[in-house]
Every structure is written in structure tokens, then in C-alpha cells.
Amino acid sequence: MKPVARKSKKLEPLISVFSFLLLVLFLFISVTLANMIIGQLLNDFPGLVRTAKNSSVMSSIFLSLYAGFLATLIALFLGAPTGYILARFDFPGKRLVESIIDVPVVVPHTVAGIALLTVFGSRGLIGGPLEPYVQFRDALPGIVVAMLFVSVPYLANSAREGFKSVNPRLEKAARSLGAPLWKAFFLVTLPLSARHLLVGAIMTWARAISEFGAVVIIAYYPMIGPTLIYERYISYGLSASRPIAVLLILITLTIFIVIRILSAGWSIYDRD
Numbered sequence: 013m014k015p016v017a018r019k020s021k022k023l024e025p026l027i028s029v030f031s032f033l034l035l036v037l038f039l040f041i042s043v044t045l046a047n048m049i050i051g052q053l054l055n056d057f058p059g060l061v062r063t064a065k066n067s068s069v070m071s072s073i074f075l076s077l078y079a080g081f082l083a084t085l086i087a088l089f090l091g092a093p094t095g096y097i098l099a100r101f102d103f104p105g106k107r108l109v110e111s112i113i114d115v116p117v118v119v120p121h122t123v124a125g126i127a128l129l130t131v132f133g134s135r136g137l138i139g140g141p142l143e144p145y146v147q148f149r150d151a152l153p154g155i156v157v158a159m160l161f162v163s164v165p166y167l168a169n170s171a172r173e174g175f176k177s178v179n180p181r182l183e184k185a186a187r188s189l190g191a192p193l194w195k196a197f198f199l200v201t202l203p204l205s206a207r208h209l210l211v212g213a214i215m216t217w218a219r220a221i222s223e224f225g226a227v228v229i230i231a232y233y234p235m236i237g238p239t240l241i242y243e244r245y246i247s248y249g250l251s252a253s254r255p256i257a258v259l260l261i262l263i264t265l266t267i268f269i270v271i272r273i274l275s276a277g278w279s280i281y282d283r284d
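Our numbering puts the sequence shown at residues 13 to 284.
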């Protein structure tokens, strides 16, 4: 009686290639960031400490975080209803609407800044009439508008996918029990798609605080973190701009990791 030959476990060639490419991508991102951070910590840690104690630097970084937070709140207010309509209804021009919403992702951000300036500038379509009440040029509202423009597609698209993942029959069941549409939305649909909305909000915030091109056109001042880094690099070189860049990365990474950890257990509605 011949022994049964055991098949050796081998990785498929395609999986091996894909795994290698995964490693390349991982190293491309991680080594680039780690090299800058570790280089700063090892070669000029006192410079990083001095930067962290600099009030103008911390004000710029805080302004980035705060303006990004405001832009994310507005994106939630606009993007969640937009995602719901796009997920639940078909209507003439729907594809066009979806394409227009994605345009800020592909438009060069300096172009976006010029476009925003023509609308929200002192002589703009919106900025002109509102100038006695709200200033957009070189002011916080201008920063928020620029951040919102480039980041809101991430929220709208994530919301759309989240609402698509919720079976419409659950909404109908709630309505058949007497719940009005708004109640079915807030008690059934919204909780079931909350994880998608959270991920979309995180990506929107991350994209907003990293924006430079659109912001620098409409609101060079007050300086946000990326604008200050650019200004220091142009004026004083890499040695003056790198500590600010490292500090901004460390702060945003810390916030990002904390949010991800807190949201890691928020998957009760995603279980099969």
C-alpha cells in the first residue's frame, strides 16, 4: 500500500508578486516618514523641542487642526444627506452629480484656490455680498472653505457606500411599524452606516489638515501648518522647516491613531 503523498503548501506566484508589491508600498511610505522623523530626533532633538515651545508654530498647527475640524463638521452636514440621496434614489443626471462631487479630487489644488477666490473673494459671487459680515480672504472662513472643497468628496462617497450597505427593507420595516422616515433614518439607517461615516470623517479631516495649494491662494494668512512649513523652507531652508513638519506629523499621527483605536470596537453593526 503506497503512502498518500502530501501536497506541499506553496504560495501562488501571483500572491508572491502581490506580497512583494505590498512590501514595496509599505516601505515607500514608512521609510519616507520614518527617515525624516528619526533623523530629526537623532540629529536635532533640541531643535524639535524649541519648535514645540514656539507659540507661533503651535498656533499654526492648532489652526490647521481646528479649521480641519470645522471643515469636517460642514462636510458631515452636507455629505451625509448627499450620500443618502445618491445611495437610495435614481434620478436624471445622477451620474453627472456624482462626477461633479468628485471633481475636487482631480482638480489641481492651486486651480481650486483660484476658483474659490473668484467666488469667495471680496469681489466674488458670494464673498462680495457677504464682505460686510464675513471675510474669506486671509481669514479663518477662507481656510475652512478651501479645506472643505478639497476634502468633502471623501465624506460624500464614504456616506454613499455606507447607506448602500444598509438593506432598504430595514427602513421599510421600521416605517411599517409606524416610524416616520426621519425616525427610521436616525434610528435604523444612520447607526448601521455609522462606521462608514466615521471612516469618511477621519479621511476628510486628514485631507483637510494636509491641504496647502487651495488654502495658500485664498488665505495665506493666518498661516496654517503646511503654509508655515512652506514659508520657513523658502526663507530659511530645510533645517528650519523640518522640525515643524516632524512636529505636525507627530501630532496628527497621534490624533489619528487614537481615533482609530477608539473606533476599532465600533463594529457591532458590521457583523454578519
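For glycine and all other residues, C-beta sits at the position ideal for the given N, C-alpha and C.
message: For the structure I just gave you, are there three or more beta carbon pairs, one from the segment 70-84 and one from the segment 131-151, closer than 8 Å?
response: The answer is no - the segment 131-151 does not touch the segment 70-84, with fewer than three Cβ pairs under 8 Å.
query: Taking Cβ to Cβ, would you say Thr239 is nearer than 8 Å to Phe224?
result: As a first step, residue 239 is located in the sequence shown; it is residue number 227 there, counting from the start. As a first step, residue 224 is located in the sequence shown; it is residue number 212 there, counting from the start. Yes. Within cutoff.
task: Go ahead and label Ile273 buried or exposed: buried means 16 or more other beta carbons lie within 10 angstroms of its beta carbon, across all protein chains shown.
output: Along the sequence shown, read from residue 1 onward, the residue named residue 273 stands at position 261. Ile273 comes out exposed.
Sub-8 Å separation of Ala226 and Phe161 beta-carbons: Counting from one through the sequence shown, the residue named residue 226 turns up at place 214. Counting from one through the sequence shown, the residue named residue 161 turns up at place 149. Yes, these two residues count as a Cβ contact at 8 Å.
- request: With a 10 Å radius around its C-beta and 16 neighbouring C-beta atoms as the bar for buried, classify Asn179 as buried or exposed.
  value: Against the sequence shown, residue 179 aligns to sequence position 167. Exposed is the call here.
- request: Give the straight-line distance between the Cα atoms of Lys235 and Ile214, rounded to the nearest whole angstrom.
  value: Position 223 of the sequence shown, counted from the start, is the residue given in the question as residue 235. Position 202 of the sequence shown, counted from the start, is the residue given in the question as residue 214. It should be pointed out that residue 235 corresponds to Met in this sequence rather than to Lys. Distance from the CA of Met235 to the CA of Ile214, rounded to the nearest whole angstrom, comes to 23 Å.
- prompt: Within the chosen definition, does the segment 82-93 reach the segment 208-222 through at least 3 CB pairs nearer than 8 Å?
  reply: At 8 Å Cβ cutoff, the stretches touch.
Alpha carbon of Val36 to alpha carbon of Leu53, nearest angstrom: Position 24 of the sequence shown holds residue 36. Position 41 of the sequence shown holds residue 53. Roughly 25 Å separates the two Cα atoms.
- request: Using three-state DSSP, classify Arg135 as helix, strand or coil.
  value: Taking the first residue of the sequence shown as 1, we reach residue 135 at position 123. Coil at Arg135, not helix or strand.
query: Where Ile112 and Leu209 are concerned, what is the direct C-alpha to C-alpha distance, given to the nearest angstrom?
result: Residue 112 sits at position 100 when you count from the first residue of the sequence shown. Residue 209 sits at position 197 when you count from the first residue of the sequence shown. In a straight line, the C-alpha of Ile112 is about 20 Å away from that of Leu209.
- prompt: Taking the C-alpha atoms as reference points, what is the distance between Ile138 and Phe30?
  reply: Against the sequence shown, residue 138 aligns to sequence position 126. Against the sequence shown, residue 30 aligns to sequence position 18. Ile138 and Phe30 have their C-alpha atoms spaced approximately 49 Å apart.
First and last residue of the uninterrupted alpha helix (DSSP H) at Arg149: Residue 149 sits at position 137 when you count from the first residue of the sequence shown. For Arg149, there is no enclosing alpha helix (DSSP H), since its DSSP letter is neither H nor E.
- prompt: Span of the alpha helix (DSSP H) holding Thr84?
  reply: Taking the first residue of the sequence shown as position 1, residue 84 is located at position 72. Ser67 to Arg100 is the extent of the alpha helix (DSSP H) around Thr84.
task: Select from Ile41, Asp56 and Phe40 the residue whose C-alpha is nearest the C-alpha of Leu259.
output: In the sequence shown, residue 259 corresponds to position 247, counting from 1. When only C-alpha atoms are compared, the closest one is Asp56.
query: Does the beta-carbon of Ser188 have 16 or more other beta-carbons within 10 angstroms, so that it is buried, or is it exposed?
result: Residue numbering aside, residue 188 sits at position 176 when the sequence shown is read from its first letter. So Ser188 counts as exposed.
- request: Answer with buried or exposed for Gly190, where buried requires no fewer than 16 other C-beta atoms within 10 angstroms of its C-beta.
  value: For the purposes of this step, residue 190 is taken as residue 178 along the sequence shown, with counting starting at 1. Taking every protein chain shown into account, the CB of Gly190 has fewer than 16 other CB atoms within 10 angstroms, so this residue is exposed.
query: Is the segment 116-123 close to the segment 159-178, with three or more CB pairs under 8 Å?
result: Note that the segment 116-123 touches the segment 159-178; at least 3 beta-carbon pairs, one per stretch, sit closer than 8 Å.
- prompt: Between Ser71 and the ligand SAM, is the CB less than 7 Å from at least one heavy atom?
  reply: This structure lacks the ligand SAM, and indeed carries no ligand of any kind.
field: CA nearest to the CA of Ser134, picked from Glu143, Leu167, Ser42 and Asp102
entry: Position 122 of the sequence shown, counting from 1, holds the residue named residue 134. Answer by Cα proximity: Glu143.
Buried versus exposed call for Pro255 [16 or more other C-beta atoms within 10 Å across all chains shown]: The sequence position of residue 255 within the sequence shown is 243, counting from 1. Answer is buried; the Cβ neighbour count reaches 16.
field: Spatially closest choice to Ala257 from Tyr245, Phe268 and Ile267, by CA coordinates
entry: Position 245 of the sequence shown, counted from the start, is the residue given in the question as residue 257. Measuring from the Cα of Ala257, the nearest candidate turns out to be Tyr245.
Expected contact under 8 Å - CB spacing of Leu98 and Arg181 to nearest Å: Working through the sequence shown from its first residue, we reach residue 98 at position 86. Working through the sequence shown from its first residue, we reach residue 181 at position 169. Rounded to whole angstroms, the Cβ separation of Leu98 and Arg181 is 19 Å, and the two are not in contact under 8 Å.
message: In whole angstroms, give me the CA-to-CA distance for Thr264 and Thr216.
response: If you number the sequence shown from 1, residue 264 lands on position 252. If you number the sequence shown from 1, residue 216 lands on position 204. Going by the C-alpha atoms only, they are around 13 Å apart.
message: Using the three-state DSSP reduction, which class does Tyr232 fall into: helix, strand or coil?
response: Counting from 1 along the sequence shown, the entry for residue 232 is found at position 220. DSSP, reduced to helix, strand and coil, places Tyr232 outside both helices and strands of the structure shown, so it counts as coil.
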